[in-house]
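Letter by letter, the sequence shown follows residues 433 to 578 in my numbering.
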Amino acid sequence: MLDFNAPEFLVVGIVALLVIGPKDLPKAMRFVGHWVGKARRVASQFRSGLDTMVRESELAEMEKKWAEENARIMREHPPEKMLTGPVYDPNPQGATPANIAGPDDDAPPAMVEPPALKAEPADAALDTPVEPTRKPRAPRKKKAES
């Protein structure tokens, strides 16, 4: 493909310096760098699109193989032959877990007494002055105009 080694790159740089000139060389390098960046982004998008298509086709093939294998297994082992005994059902009545009776559900509910609160005299709360948490700020003095 396109391969540059150090001496070839040096020759290209010297020729570019002589042809374009030292004044316009930075502008030309920015221009070339801009287009090289665009080309890399396009190549990256193209490559990611191809990877996505390959991944989707592989998934479709895998799903097809799984479906064929599942059909083969179901033909060889029908569901009737798989169940040899009764199936354990932890919830035979179809009740939700909140409705299933536990061992302590027959006991009466426990009575909990509310905590005792100390009553404060109403007059004491009104007589005590409330102190502000911050001191009010003094107004700012205006600067003298010169």
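Every residue, glycine too, gets a C-beta built ideally from N, C-alpha and C.
Straight-line CA distance for lysine 567 to alanine 542?
Numbered from 1 along the sequence shown, position 135 holds the residue referred to as residue 567. Numbered from 1 along the sequence shown, position 110 holds the residue referred to as residue 542. The straight-line gap from Cα to Cα measures roughly 52 Å.
Is glutamate 501 near the ligand MG, in the sense that its beta carbon is under 6 Å from a heavy atom of that ligand?
You won't find the ligand MG in this model; it holds no ligand whatsoever.
Which of helix, strand or coil DSSP assigns to arginine 566:
The count along the sequence shown starts at 1 and reaches residue 566 at position 134. Coil.
Quick one: residues in its chain with C-beta nearer than 7 Å to the C-beta of leucine 549, no 5 flanking neighbours on either side, listed in chain order?
Locating residue 549 in the sequence shown gives position 117, where the first residue counts as 1. If we look at leucine 549 and ignore the five residues flanking it on each side, it has no Cβ neighbours.
Which of helix, strand or coil DSSP assigns to leucine 549
As a first step, residue 549 must be located in the sequence shown, where it is residue number 117. Coil.
What is the DSSP secondary structure of proline 502, counted as helix, strand or coil?
As a first step, residue 502 is located in the sequence shown; it is residue number 70 there, counting from the start. Inspection of the sequence shows that residue 502 is occupied by asparagine rather than by proline. Helix at asparagine 502.
Is arginine 507 helix, strand or coil by DSSP?
To locate residue 507, count along the sequence shown from 1; it is residue 75. Arginine 507 falls in the helix class under three-state DSSP.
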